[in-house]
Amino acid sequence: MEVHARRDGRPIGVVAAADADAVDRAARAAHDALPGWRATSPAARAAAIGRYARLLEQFSDLIAERVADEVGKPLPEAHAEVARAIDVVHHFAGEAARLWSAHLPAESLVTGSTVRPDPVGVVAAITPWNFPVALVLWKLAPALAAGCTVIVKPAQEAPLAAWTLVDIAQQAGLPPGVVNIVTGDGPTVGEALSTHPLVAKVAFTGSRRVAEQIAGWAAPRLKHLSLELGGHGALVVLPDADLDVAVDVAISQGYVNTGQACYAVNRVLLTPDVVEPFLERFRVRFAELKPGVMTTDRGLARHVMLLDEARNAGALVDGGEVTDGRWVHPALVTGAGPGVRLVDEEPFTPIVAVMAVPDVDAAVAEANRPDYGLVNYVCGEDLRACLETAGRLQSGTVAINGWRVVVPHAPYGGWRGSGLGTELGRPGLEAFCRWQHLRVLR
Ligand code: NAD
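Each residue of the sequence shown is one higher than the last, beginning at 71 in the working numbering.
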C-alpha cells in the first residue's frame, strides 16, 4: 500500500497489506517471544523500556516529520505529540520496576497469600490515525512493562510513524518478537487479530462502529478487551467563571488537531447572562484561527454535512469553510440544540457549539445527555463548586479551569458509550496483567 502525504499527496512510503497469514506469523512470533520476556526481572524490563524511551528521543525529529506528513498536522504539533508520548514510555519504564507482588497479612508462620501479576499474553494494539504515535505508545509501553508481547496494527492512513516506533524498539535491543507490526486494511487485519487464538488481549482505540465489531469477535473467544472510543466533550461554564479562561479552554480544546481529537470540547454550556460576554471574547480569538488539514476525505465530507444539517435546522454557523479540498476553517455554531446531529454525535471535525442553558443543573443534564463519557470540562472561580459539578459529570476525565487533560500517571478512559477499560496511570498498567493468588496452606 502506498502512503501519501496528506497536505500535497506526495508519495512518502510503501507498507505491506497484510493478510491473515501475515497476522498468523506475527502472532506466532509474539507468542514465541512471550516466555522469555515474561521471565525478565522487573529491573531488566525497566532498563530495556528506558533504553527504548531514550532512543525514541534521539529519533524524535524523524518520527514527528512522519506524523506531520501522514496526518497533515503542523510540525510543532507533531513534535508535541511525540514528546508527550515519549514521557509515557519513560513513565512505564519506571512502573515496570514497581510491578511487585503483594504479600497479604500472614495468618500464621507458614500459611498465607501472595498475589502476583502475570502478563495477560500477546496483545494486539489497534490504533487510529489522529494521534498515531501517542495511541500506539499508550498501549505498547504499559504492555511491555507488564511483560506482554505486542502486535501493533496502525491505521491505514498513518502507518509510517508506527512502523518507525517498532523499528526503534528493535534497535533499542528489545528481543525479536517482543514488538511486532502488521499494516494493512482495517477489517482484514483487525478481524484476523481479534479472532487469532494466540492473541490474548485486543487494545483498541477508534470508532464505536469498529469497536462493536471487534467486541463481537473477541467476546465469544473470551479475550481481554479495552476500547477507547469517541467523546462529545462539554465545557460547563459556571456563573462565576473567569470568561477568559473559559474561552481559552473552548478555543484550545475545541479546535485541537483540527477537531480530530477524542477529548475535544464540542459543546460550551452557559447560563443566559454570560452567553454574550463569552461570545464577544470567543470571537476575538476565533478570528485569529487558521484553517487546518482534515486527515481523511470522509472527515471532510462529515464536516460539510454536519454544518449543512445545522443550518437547515435553523442554527447559525460562523466559519467552517473548506478551501483547497483539504483545509477546513474552524466553525462556531450557535442556536443548535438536541436533535441537531453535531450536538448529538461526536463531530470529530473543528466545530464548537455554544448553547444557552437555564442553570447549572441543566448544564449537567445536557453534558450527560449524549451517550459519551470521555472528557468534560468545568470552569469556575469557586473550586468547591467546580468539584461538585465535576462529580456529577459522567465521564472518565473532568478538567477544571484548563485543558491539558492527559498525564502519564493518571488513568484515561471512557465511561458509557466512550468505551471499556482504562489506559495510562496504574490502572493502565494493571490492564495488561492477570493476577495469580499463591495460597500457602501448610
Ligand atoms: P476507526 O475505528 O475507523 O479505525 C481505528 C482502527 O481500527 C484502525 O487501525 C483501522 O484500520 C482499524 N479498523 C477499521 N475497520 C476495522 C474493522 N472492521 N475491524 C477491525 N479493525 C478495523 O477509527 P478512526 O477513524 O481511525 O479514528 C477515529 C475515532 O477514534 C473517533 O471516534 C475518535 O474519537 C476515536 N479516538 C478515541 C480516542 C480515545 O482515547 N478514546 C483517541 C483517539 C481517537
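Cβ coordinates follow ideal geometry from the N, Cα and C atoms, glycine included.
Since the model is a prediction, treat every value here as computed from it, not as a measurement.
Rounded Cβ spacing between residue i and residue j (contact assumed at less than 8 Å)
i      : j      : result
Glu127 : Ile156 : 6 Å
Gly489 : Leu299 : 4 Å
Val85  : Trp233 : 6 Å
Leu210 : Val249 : 7 Å
Leu308 : Cys503 : The Cβ separation is near 40 Å, so there is no contact.
Ala100 : Pro245 : Not a contact, Cβ separation roughly 11 Å.
Val403 : Ala423 : 4 Å
Val410 : Ala383 : 5 Å
Val398 : His373 : 5 Å
Asp89  : Thr265 : With 8 Å as the limit, Asp89 and Thr265 do not qualify as a contact, their Cβ atoms being about 14 Å apart.
Asn446 : Val468 : 5 Å
Val137 : Pro212 : Not really, about 21 Å apart at Cβ, beyond 8 Å.
Val193 : Ala273 : 6 Å
Ala304 : Arg278 : Not really, about 18 Å apart at Cβ, beyond 8 Å.
Thr275 : Pro361 : Thr275 to Pro361, Cβ: 26 Å. No contact.
Gly487 : Asp441 : 4 Å
Gly260 : Gln226 : Not confirmed; about 10 Å, so no contact.
Ala357 : Leu377 : That belief does not hold up - the Cβ atoms of Ala357 and Leu377 are roughly 18 Å apart, past 8 Å.
Ala385 : Phe352 : Not quite, the Cβ-Cβ distance comes to about 16 Å (not below 8 Å), so this is no contact.
Member of the options whose CA lies at the smallest distance from the CA of residue i
i      : options                        : result
Trp170 : Val158, Thr184, Val159, His161 : Thr184
Leu453 : Val477, Asp310, Thr197, Pro290 : Asp310
Glu350 : Gly329, Gly324, Ala380, Asp314 : Asp314
Arg462 : Trp485, Gly247, Arg77          : Trp485
Thr328 : Gly303, Gly301, Gly369, Pro347 : Gly369
Ala380 : Asp255, Pro408, Thr365, Gly362 : Pro408
Pro224 : Val326, Val236, Ala460         : Val236
Met364 : Ile119, Val192, Asn200, Ala153 : Asn200
Gly191 : Leu207, Cys218, Pro175, Thr181 : Cys218
Ala92  : Thr341, Gly254, Ala320         : Gly254
Phe348 : Leu457, Val326, Asp312         : Asp312
Trp473 : Ala455, Gly487, Thr366, Gln323 : Gln323
Arg130 : Ala116, Glu151, Ala262, Ala114 : First, the residue type needs correcting, since residue 130 is Ser and not Arg in the sequence shown. With distances taken between Cα atoms, Ser130 lies closest to Glu151.
Asp78  : Glu416, Glu458, Arg396         : Arg396
Ala96  : Gly164, Tyr333, Leu263, Arg154 : Leu263
Leu132 : Gly120, Leu145, Arg121         : Leu145
His507 : Val319, Asn471, Leu174         : Leu174
Asp343 : Val430, Ala166, Pro497         : Val430
Gln464 : His479, Gly443, Glu451         : Gly443
Phe418 : Gln283, Ala320, Val335         : Val335
Ala231 : His74, Cys456, Ala501          : His74
Pro478 : Leu494, Gly164, Asn471         : Leu494
Pro119 : Pro81, Pro481, Ala166, Asp94   : Residue identity differs from the one stated: residue 119 is Ile in this sequence, not Pro. It is Ala166 whose Cα lies nearest to the Cα of Ile119.
Asn471 : Cys456, Ala480, Ala87          : Cys456
Ala501 : Trp208, Thr459, Ala109, Ala117 : Trp208
Whole-angstrom distance between residue j and residue i, CA atom to CA atom
i      : j      : result
Gly466 : Gly483 : 5 Å
Val306 : Pro420 : 19 Å
Met425 : Leu359 : 21 Å
Glu140 : Ala148 : 10 Å
Ala228 : Arg509 : 47 Å
Ser111 : Leu499 : 16 Å
Gly389 : Phe162 : 42 Å
Ala331 : Gly286 : 25 Å
Ala432 : Ile221 : 45 Å
Arg439 : His302 : 10 Å
Leu214 : Pro189 : 9 Å
Ile238 : Ile251 : 12 Å
Gly491 : Gln240 : 29 Å
Glu177 : Leu511 : 10 Å
Gly247 : Lys143 : 32 Å
Thr341 : Val434 : 12 Å
Ile196 : Ala289 : 16 Å
Glu415 : Arg168 : 40 Å
Arg121 : Ala242 : 6 Å
Arg186 : Gly83  : 44 Å
Val387 : Val354 : 16 Å
Val280 : Arg124 : 34 Å
Gly182 : Arg496 : 26 Å
Met71  : Arg154 : 29 Å
Glu451 : Ala316 : 11 Å
Asp318 : Pro481 : 24 Å
Tyr325 : Glu282 : 28 Å
Trp505 : Ala172 : 10 Å
beta-carbon residue i near ligand 3 non-hydrogen atom, thresh 8 Å
i      : result
Gly487 : Ligands in the displayed structure: ligand 1; ligand 3 is not one of them.
Proximity test, Cβ basis, 9 Å: residue i and chain C
i     : result
Ile82 : No chain C is part of this structure, which consists of one protein chain only.
4-residue-minimum alpha helix (DSSP H) runs that sit fully inside the region 408 to 481, ordered along the chain: As far as the region 408 to 481 is concerned, its whole alpha helix (DSSP H) runs of at least 4 residues are 411 to 414, 430 to 438, 453 to 462.
Beta strand (DSSP E) segments (min. 3 residues) lying fully within the region 329 to 410: 335 to 340, 386 to 389, 401 to 404
Cβ pair count under 8 Å reaching 3, the region 288 to 302 against the region 268 to 280: yes
Minimum length 3: unbroken beta strand (DSSP E) runs contained in the region 238 to 286: 249 to 251, 269 to 275
Start-end ranges of the alpha helix (DSSP H) lying completely within the region 81 to 111, minimum 4 residues: Unbroken alpha helix (DSSP H) stretches of 4 residues or longer found wholly inside the region 81 to 111: 90 to 108, given in chain order.
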